[in-house]
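Chain order of the listed sequences is A and B.
One gets my numbering by counting positions in the first sequence from 1 and adding 68 to each.
One gets my numbering by counting positions in the second sequence from 1 and adding 68 to each.
Protein chains: 2
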Amino acid sequence: MDADPAPPRRGRRRAGEADARAAIVQAAAEEFAAAGYDGVSLRAVARRAGVDAALVHHYFADKPELFAAALELPIRPDRIVAELLAGPREVLGTSIVRALVTRFADPATRTAVLALLRTAMGHEFAGRMLRQFLLRELLQRITGALGLEDGERRAGFAASQIVGLMVARYGIRIGPLAEASDDEVVATVGPVLQWYLTGDPPPRRS
Amino acid sequence: MDADPAPPRRGRRRAGEADARAAIVQAAAEEFAAAGYDGVSLRAVARRAGVDAALVHHYFADKPELFAAALELPIRPDRIVAELLAGPREVLGTSIVRALVTRFADPATRTAVLALLRTAMGHEFAGRMLRQFLLRELLQRITGALGLEDGERRAGFAASQIVGLMVARYGIRIGPLAEASDDEVVATVGPVLQWYLTGDPPPRRS
């Protein structure tokens, strides 16, 4: 990957498509780190990369896609959430957990997401960037789909359990959680997310 | 006027004591990092510190206390859990969340615990150390108190929500979670922990 930190090289951008895309991704990473998620426009990324804004749009359909590329995320969390929200509402909780454990079976995804969480916990700018992305592209989508007055708060509590599952099962790997099967995790945590999001109570556990 | 050139005896002895304690804490930090939580004995710490084992016992009642000192944790998680488990079982979930938000109101505690989680996520040895401590001193205590066959698994799921609350509300500070009052967090997350631990279903949310 072209990680040249040199300032924009306007007249020199002739080196081919791979270079142009890499320059855009590099510029996006710098913009997101400096301005947070909300503060970044594709236009500003184009300016920093020394390319035309149309070229940014040529490679990246929208800001979440550019964000995933800049952070080297092998998944598109916003698309996963959109898919889940298009499914049946009464199994939303278990669908979310199923999507998580399935994606996290891939070590590259696991590593990238955990590194992002870890960085966000330790650096103010990275924290703000992730915070804004989560709110704008995930929580507010869920809120809109739920159509509930306190949807954003509900989505926030659900997010805490999702983050906790990532960190405790895959990050710290707390024994009983790391050893549980995917099915058991889905069956146990799914009803909790359902309760947070929709208010449907989980069954009594024996 | 006292012109004795020898340094004051009492002052020197105090400095000696502080040095011995510091040497023990330093040795403990190294032992925990090298051998994990389970692999450390107070005897091995004494050996590494070059002091008598009795001196380690003089300063530190037990391994959890030494662990908290070595990691500069301003709280004793094992004692907090013991207190909570001594309280009424039917409000265990809300009691845990109340204890967490109350302790985390202190920035020193918040910072120390989040730094520990962050390190444990990024370093294999630190991860193993925290994993073993959590299992031995927290989860297995809870399991014993619950007296349920799958208590360890239940405690593991509860731990995932507790860790998630720490990371999402205090670490990444996801908007709606960071803005929620302590009371709302206790009222919302408490029933989830109760369900994980005892199986009591939370109320239907309107």
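Beta carbons are placed, not taken as given, at the ideal position from N, Cα and C, and that holds for glycine.
None of these values were measured; they are calculated from a predicted model.
Using 8 Å for Cβ pairs, my map puts residue i next to residue j. What's the rounded Cβ distance?
| i | j | result |
| --- | --- | --- |
| alanine 101 of chain A | methionine 189 of chain A | Not really, about 15 Å apart at Cβ, beyond 8 Å. |
| leucine 141 of chain A | alanine 90 of chain A | That pair is no contact at about 16 Å. |
| glycine 195 of chain B | arginine 241 of chain A | 7 Å |
Here's the rule I'm using: 16 or more other beta-carbon atoms within 10 Å means buried, otherwise exposed. How should residue i be labelled?
| i | result |
| --- | --- |
| aspartate 174 of chain A | exposed |
| serine 249 of chain A | exposed |
| valine 119 of chain A | buried |
| arginine 116 of chain A | buried |
| alanine 255 of chain A | exposed |
| arginine 111 of chain B | exposed |
| alanine 71 of chain A | Residue placement at alanine 71 of chain A is poorly supported in this model, since its pLDDT is 44, which falls under 50; the coordinates still yield a value, given next. Alanine 71 of chain A should be labelled exposed. |
| alanine 114 of chain B | buried |
| glutamate 158 of chain A | exposed |
| threonine 170 of chain A | exposed |
| glutamate 99 of chain B | buried |
| glycine 212 of chain B | exposed |
| proline 73 of chain A | Its pLDDT being 48, under 50, proline 73 of chain A is placed unreliably by the model, and the measurement read from it follows with that caveat. Looking at its Cβ environment, which holds fewer than 16 other Cβ atoms inside 10 Å, proline 73 of chain A is exposed. |
| aspartate 251 of chain B | exposed |
Under 7 Å between beta-carbons, which chain A residues line up against residue i? List them in chain order, please.
| i | result |
| --- | --- |
| proline 269 of chain B | Pro269, Pro270, Pro271 and Arg272 |
| threonine 256 of chain B | Phe225 |
Flag this pair as yes or no: are the beta carbons of residue i and residue j separated by less than 8 Å?
| i | j | result |
| --- | --- | --- |
| alanine 136 of chain B | arginine 144 of chain B | yes |
| alanine 150 of chain A | arginine 209 of chain A | yes |
| leucine 207 of chain B | aspartate 146 of chain B | no |
| valine 231 of chain B | leucine 185 of chain B | yes |
| proline 156 of chain B | tryptophan 263 of chain A | no |
| glycine 84 of chain A | arginine 272 of chain B | no |
| lysine 131 of chain A | valine 165 of chain A | no |
| arginine 237 of chain A | alanine 227 of chain A | no |
| arginine 199 of chain B | glycine 243 of chain A | yes |
| valine 235 of chain B | valine 235 of chain A | yes |
| alanine 138 of chain A | alanine 96 of chain A | yes |
| phenylalanine 201 of chain B | tyrosine 105 of chain B | yes |
| glycine 161 of chain A | glycine 239 of chain A | no |
| alanine 88 of chain B | leucine 123 of chain B | yes |
| glutamine 229 of chain A | glutamine 229 of chain B | yes |
Determine the chain B residues that contact residue i at a beta-carbon separation under 9 Å, and present them in chain order.
| i | result |
| --- | --- |
| phenylalanine 135 of chain A | What phenylalanine 135 of chain A touches in chain B: nothing, since even the nearest Cβ is about 15 Å away. |
Kindly list, in the order they appear in chain B, the residues whose Cβ is closer than 7 Å to that of residue i.
| i | result |
| --- | --- |
| arginine 237 of chain A | Ser228 |
| alanine 173 of chain A | In chain order: nothing, as chain B lies at least about 17 Å away. |
Would you mind telling me which residues of chain A sit closer than 8 Å to residue i, beta carbon to beta carbon, in chain order?
| i | result |
| --- | --- |
| valine 260 of chain B | Gln229, Val260, Trp263 and Tyr264 |
| isoleucine 240 of chain B | Leu185, Ala188, Met189, Gly195, Leu198, Arg199, Leu202 and Val231 |
| leucine 214 of chain B | Neighbours of leucine 214 of chain B on chain A: none; closest Cβ ~12 Å, over 8 Å. |
| alanine 167 of chain B | Per Cβ cutoff of 8 Å: no residues; alanine 167 of chain B is ~17 Å from chain A at best. |
Please compile the residues from chain B whose C-beta is within a distance smaller than 8 Å of the C-beta of residue i.
| i | result |
| --- | --- |
| leucine 207 of chain A | Ile242, Gly243 and Pro244 |
| glutamate 220 of chain A | Gly243 and Pro244 |
Please compile the residues from chain A whose C-beta is within a distance smaller than 9 Å of the C-beta of residue i.
| i | result |
| --- | --- |
| alanine 180 of chain B | Within 9 Å Cβ-Cβ: nothing; alanine 180 of chain B doesn't reach chain A, min ~13 Å. |
| alanine 248 of chain B | Arg221, Gly224 and Phe225 |
State yes or no: is the beta carbon of residue i nearer than 8 Å to at least one beta carbon in chain C?
| i | result |
| --- | --- |
| isoleucine 148 of chain A | Included in the structure are the protein chains A and B, with no chain C among them. |
(Q) Any C-beta of chain A within less than 8 Å: which residues of the segment 185-196 of chain B qualify? (A) Leu185, Arg186, Ala188, Met189, Gly190 and Gly195
Q: Anything in the segment 141-163 of chain A with a Cβ closer than 7 Å to a Cβ of chain B? List those residues in chain order, please.
A: none
Q: May I ask you to list, following chain order, the residues of the segment 87-121 of chain B that have a beta carbon less than 8 Å from some beta carbon of chain A?
A: none
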